[in-house]
Structure formats: C-alpha cells, structure tokens
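Novice:
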Amino acid sequence: TLIDISPYKFNGPGGAGRPSWVHVVPVPDVYRGAYRGQARTAHSRWGPALAGPGLSSDSHAGAKYADAVARSLDEMRAAGAAPCGFIAESCPSVAGQIVLPPGYLAAVYGHVREAGGVCIADEVQTACGRIGSHFYGFEQQDVVPDIVVLGKPIGNGHPIGAVVTTEEIAASFDNGMEFFSTFGGNTVSCAIGLAVLDVLEDERLQAHAQRVGAHLLARLRAMIDRSPLIGDVRGSGLFIGVELVRDRDTLEPAATEASDVVNRLRDEGILIGTDGPHHNVLKIRPPMPFNVEDADVLASTLASVI
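Numbered according to our numbering, the sequence shown spans residues 226 to 531.
Put into structure tokens, the structure is as follows:
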C-alpha cells in the first residue's frame with residue numbers, strides 16, 4: 226500500500242506507475258519549481274530559473290502551490306470521489322531536501338479538511354529535533370496533522386516506528402476487525418525509544434542541531450560564489466541539501482558530477498548521498514552529535530573536491 230502511494234517508488238525502477246486512485250501534486254520546490262521569484266528565464270528545459278543562486282523566492286509560493294491541491298480536490302469532486310487523506314513529508318527529503326515555502330501546509334490542510342480528508346505528516350526523516358528550530362518538521366509550518374508517522378530517528382539505528390493520531394481516528398479501528406502486529410509494542414524497542422528521547426533532552430541536541438546547522442549552512446553558502454556547480458544551498462538545522470547544476474540559467478541537473486563528488490568525499494572519509502528526482506542534490510543529514518569542528522571538516526573537504 227505504501228508503495229502504491231509513493232511516486233518515489235511507483236515511478237522508480239520496478240514500479241507499476243501511479244494507481245488511478247492516487248493523485249499527485251507538484252512538490253513545492255522554490256528553487257526549481259513553478260513559483261520561485263521574479264527574475265526568470267523562459268528557455269530552461271528544467272524549469273524557470275532565477276538570475277542567480279540565493280535569491281528570495283516568490284513570497285506567495287506557499288499559497289500558489291497549495292492551489293494545486295485545491296484543483297486536484299475539485300477534480301475528484303467532479304468525478305464523484307472524495308479524498309481519503311493527504312500525505313507528505315514535512316520537509317521533503319527524497320524530493321531533494323526541500324524546505325517548504327511559508328504557509329504551504331496550512332493552506333493544504335485547510336483544503337483537505339474542508340473536502341473531508343485527513344492530513345498525514347511523514348516525519349520519518351525529520352522528527353526528533355533534526356531541523357533545529359522545532360522538534361517536528363510540521364511545527365515549522367504552524368500546523369497540527371491528524372496523523373504523524375515516525376521512524377528512523379526515534380530508535381537511533383534500532384528498527385522502531387510509530388503512528389501518532391487523535392483519539393477519534395484511533396477509535397475508528399475498533400470496528401470488529403482485529404488489528405495485529407507481531408512486534409507491535411515490543412518492550413525492548415519502547416525502552417530504546419525512551420532512552421533516545423532522554424538523550425535528546427539531556428544533551429539539548431535540538432538546540433545543538435540548530436546552532437551547528439546554521440554554521441554549516443553559512444559555510445556552504447559562502448561556496449556559491451566560488452563554485453559555479455553549486456546552484457542552491459538550502460535546509461534547516463542538520464537537514465541540508467546542496468543542489469548541483471551545470472548551468473545556473475537553465476538549471477540543468479549535474480547528476481554525474483554529484484555522484485563524482487559523493488565518491489570523492491568517500492575517499493576522504495566523509496559519507497553523504499544524493500537525492501532528488503534528478504539525483505543531483507547532495508544530501509547532508511549527519512548524526513545529531515555532529516559538531517562545529519565536524520562541519521568545518523565537511524565544508525573544507527567539499528570545497529576542495531568541488
């Protein structure tokens with residue numbers, strides 16, 4: 226079921242394509258998407274381009290991207306269908322470490338709830354203070370989801386996941402059919418999850434992520450003027466993306482170059498990956514104890530490699 230609702234999977238290798246009951250809306254990408262600012266060029270094969278990196282995006286981009294959700298809901302309504310729900314990463318990671326434009330989720334959640342659907346936040350990659358400013362990514366958008374999906378960070382490497390929801394939605398499972406999970410409620414996993422929360426609080430890792438992330442972002446953004454390969458640097462806390470392009474006007478993705486950078490960094494003892502639909506975004510999500518000295522090593526090594 227999860228593969229069926231994930232464009233990342235059903236449009237990928239081995240995927241069967243989008244099921245008819247799944248509706249996909251554009252990723253609100255303020256660097257590469259439709260709503261990104263005033264200075265644009267019309268000749269880009271990859272999307273309208275800014276005149277240069279680091280320029281401010283369209284201040285109304287959030288509402289404009291949310292309009293695409295409203296139009297999708299209108300199409301469903303015209304076809305006699307109603308939405309079950311809307312699910313998205315609070316900070317889209319597989320889309321290329323995207324930071325949502327202000328007001329996007331608030332507008333989307335309003336449209337979806339008005340149509341009778343529930344709002345689901347995928348926090349598997351962003352929860353537990355990684356973005357620095359907030360414990361959960363959705364808080365950055367000043368919204369409260371109906372369902373929150375948690376994973377990876379809550380176990381610090383131990384396989385544990387959780388679904389958090391309202392009493393009303395949870396009660397809907399009491400319909401006569403038993404819900405069963407072989408490993409659900411495992412006491413060892415729960416103890417590990419509680420220990421992780423204790424460490425996050427005791428070591429103030431959320432504030433740490435915000436402080437170190439701001440330092441690393443500043444170091445990375447300082448590289449933009451020196452390296453024409455860097456099209457954009459974005460992120461929050463220790464959730465950072467560096468998008469590589471061959472041309473800042475056309476935004477042609479530099480996927481081969483991104484792969485080469487990853488391999489050369491590995492040779493220097495630094496492990497990062499790539500993500501995004503074009504696989505041209507350097508994905509920087511280090512462990513939460515990652516410190517300023519580590520950030521300086523990463524930035525200096527990347528500067529020499531790139």
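Beta carbons: idealized from backbone N, C-alpha and C, even for Gly. Note that this is a predicted model, so its numbers are computed, not measured.
Among ALA303, GLY321, VAL333, which has the Cα closest to the Cα of GLY310?
Specialist: As a first step, residue 310 is located in the sequence shown; it is residue number 85 there, counting from the start. Ranking the options by Cα distance to GLY310, first place goes to VAL333.
Novice: Is ARG429 helix, strand or coil when you go by DSSP?
Specialist: Walking along the sequence shown from the start, residue 429 turns up at place 204. Note: ARG429 maps to coil in three-state DSSP.
Novice: Within the continuous beta strand (DSSP E) that includes LEU454, where are the two ends?
Specialist: Within the sequence shown, numbered from 1, the residue matching residue 454 stands at position 229. LEU454 -> no beta strand (DSSP E), and no H or E assigned at all.
Novice: With which residues is ILE465 paired in a DSSP beta bridge?
Specialist: On the sequence shown, residue 465 is found 240 positions in, with the first residue counted as 1. DSSP, once it has assigned bridges, lists GLY460, ILE509 as partnering ILE465.
Novice: Tell me which same chain residues have a C-beta within less than 7 angstroms of the C-beta of LEU330, skipping the five on either side of it?
Specialist: Taking the first residue of the sequence shown as position 1, residue 330 is located at position 105. PHE363, GLN366, VAL368.
Novice: Would you call the CB atoms of PRO478 and HIS440 closer than 9 angstroms?
Specialist: Along the sequence shown, read from residue 1 onward, the residue named residue 478 stands at position 253. Along the sequence shown, read from residue 1 onward, the residue named residue 440 stands at position 215. Taking 9 angstroms as the Cβ cut-off, PRO478 and HIS440 do not qualify as a contacting pair.
Novice: What residue does the alpha helix (DSSP H) around ASP292 start on, and which one ends it?
Specialist: Indexing the sequence shown from 1 puts residue 292 at position 67. Start and end: 286-303.
Novice: By Cβ distance below 8 angstroms, which residues in the same chain neighbour ARG302 in space, the five residues on each side in sequence not counted?
Specialist: As a working note, residue 302 is residue 77 in the sequence shown. ALA340, listed in sequence order.
Novice: Within the continuous beta strand (DSSP E) that includes LEU375, where are the two ends?
Specialist: Here the question's residue 375 lines up with position 150 in the sequence shown. First-last of the beta strand (DSSP E) with LEU375: 372-375.
Novice: By the three-class DSSP mapping on this structure, what secondary structure does THR390 have?
Specialist: What you label residue 390 is simply residue 165 of the sequence shown in a count that begins at 1. DSSP places THR390 in strand when its eight states are reduced to three.
Novice: Can you tell me which of the three DSSP states PHE235 falls into?
Specialist: Locating residue 235 in the sequence shown gives position 10, counting from the first residue. In this structure, PHE235 counts as helix in the three-state DSSP scheme.
Novice: Can PRO512 and GLU428 be called in contact, C-beta distance under 9 angstroms?
Specialist: One-based indexing of the sequence shown puts residue 512 at position 287. One-based indexing of the sequence shown puts residue 428 at position 203. No.
Novice: Smallest Cα separation from VAL373: which of ALA346, ALA241, GLU468, GLY354?
Specialist: Start at 1 with the first residue of the sequence shown, and residue 373 comes out as number 148. It is ALA346 whose Cα lies nearest to the Cα of VAL373.
Novice: What would DSSP say about VAL324, mapped onto helix, strand or coil?
Specialist: Along the sequence shown, read from residue 1 onward, the residue named residue 324 stands at position 99. Three-state DSSP puts VAL324 in coil, outside helix and strand.
Novice: For ALA259 and HIS285, I'd like the C-alpha separation in whole angstroms.
Specialist: The residue labelled residue 259 in the question sits at position 34 within the sequence shown. The residue labelled residue 285 in the question sits at position 60 within the sequence shown. Whole-angstrom Cα-Cα distance: 12 angstroms.
Novice: Need the endpoints of the alpha helix (DSSP H) that GLY335 sits in, please.
Specialist: Here residue 335 corresponds to residue number 110 of the sequence shown, with the count starting at 1. Taken as a continuous stretch (DSSP letters only), the alpha helix (DSSP H) holding GLY335 covers 329-339.
Novice: What three-state label does DSSP hand VAL487 in the structure shown?
Specialist: As a first step, residue 487 is located in the sequence shown; it is residue number 262 there, counting from the start. Of the three classes helix, strand and coil, the one that applies to VAL487 here is helix, per DSSP.
Novice: Excluding the 5 residues preceding and the 5 following LYS234 in the sequence, name in chain order all residues of the same chain whose CB lies nearer than 6 angstroms to its CB.
Specialist: Stepping through the sequence shown from its first residue, residue 234 is reached at position 9. Same-chain partners within the cutoff: ILE228, GLY240.
Novice: For ILE394, collect the residues of the same chain with a Cβ closer than 8 angstroms to its Cβ; drop the 5 residues on either side in sequence, then sort them by chain order.
Specialist: On the sequence shown, position 169 is the one that residue 394 refers to. Around ILE394, the same chain offers VAL343, ASP371, ILE372 as residues with beta carbons nearer than 8 angstroms, after the five sequence neighbours per side are excluded.
Novice: Which value, in whole angstroms, describes the spacing of the CA atoms of ILE465 and ILE323?
Specialist: Translated into the one-based positions of the sequence shown, residue 465 becomes position 240. Translated into the one-based positions of the sequence shown, residue 323 becomes position 98. Using only the alpha carbons, I get a separation of about 9 angstroms.
Novice: Please classify ASN380: does DSSP put it in a helix, a strand, or coil?
Specialist: Residue 380 sits at position 155 when you count from the first residue of the sequence shown. Correcting the residue type first, residue 380 is Gly in the shown sequence and not Asn. Secondary structure at GLY380: helix, using DSSP grouped into helix, strand and coil.
Novice: Could you check what DSSP says for THR475 in three-state terms: helix, strand or coil?
Specialist: One-based indexing of the sequence shown puts residue 475 at position 250. In this structure, THR475 counts as coil in the three-state DSSP scheme.
Novice: Considering only the alpha carbon of each residue, which of THR412, ARG338, LEU445 lies closest to LYS508?
Specialist: Within the sequence shown, numbered from 1, the residue matching residue 508 stands at position 283. Of THR412, ARG338, LEU445, the residue nearest in Cα terms is LEU445.
Novice: Would you be able to state if there are at least three C-beta pairs under 8 angstroms between the stretch 432-439 and the stretch 413-424?
Specialist: no
Novice: Pop quiz: VAL421 and ASN381 are said to be a contact at Cβ under 8 angstroms. What is the actual Cβ separation, rounded to whole angstroms?
Specialist: By 1-based counting over the sequence shown, the position of residue 421 is 196. By 1-based counting over the sequence shown, the position of residue 381 is 156. Right, their Cβ atoms sit about 5 angstroms apart.
Novice: Round the Cβ separation of GLY357 and GLY462 to the nearest angstrom and send it over; I've been treating them as touching at under 8 angstroms.
Specialist: Mapped onto the sequence shown, residue 357 falls at position 132. Mapped onto the sequence shown, residue 462 falls at position 237. Indeed, because the Cβ distance is near 3 angstroms, the residues count as touching under 8 angstroms.
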